[in-house]
Amino acid sequence: MTATLARVLADDQLLITPLEVATLSPPSPLDPVIMEPVRSITAAIWPDAVVVPVMGLGATDSALTRNAGIATYGISGAFVAEGDYRAHGKDERLPVSSFYESREFLDRLVRALAF
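In terms of numbering that gives the first Met the number 0, the sequence shown is numbered consecutively and its last residue is 114.
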């Protein structure tokens, strides 16, 4: 990445130094012990929803826990209308119904996984 920046900026006066080198971390396995409750609780609350694992963009502590051998997952259960995603914006908001559905989903999931 520094080579690309140096080429684009094309200024011998600049010194480009990465502040931190990212550490690769393995993806967490889709463990059935985790995924089955996610699927069944999702179906109970949102019958038409399909659970699709995705890679989230952004920074979390998940890389650190995965590198320590701890499978780590992110899940919220909060839904917004298509085109109305405003997370971290100056007008961030979440529909009230989505807030309560997400709370119910996470409550059921934690109880199911706390065996």
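Where is the CB? At the ideal position from N, CA and C, for every residue including glycine.
Put simply, of M0, V51, T71, F104 the residue whose alpha carbon is nearest the alpha carbon of A43 is F104. In this structure L93 is not in contact with A70, their Cβ atoms being roughly 27 Å apart against a cut-off of 8 Å.
Per DSSP, the unbroken alpha helix (DSSP H) holding E35 starts and ends at 31 to 44.
Shown here, L63 sits in a helix according to DSSP, grouped into three states. In the DSSP assignment, D106 falls within the alpha helix (DSSP H) that extends over 95 to 112. Sequence-distant partners of E91 (beyond 5 residues in either direction) whose C-beta falls short of 8 Å from its own C-beta, in its chain, are R85. Here the alpha carbon of L4 sits roughly 44 Å from the alpha carbon of V95.
Distance from the Cα of Y99 is smallest, within the candidate group T64, V79, H87, for V79. For T71, there is no enclosing alpha helix (DSSP H), since its DSSP letter is neither H nor E.
The C-beta distance from P36 to A111 rounds to 4 Å, short enough to fall under 8 Å.
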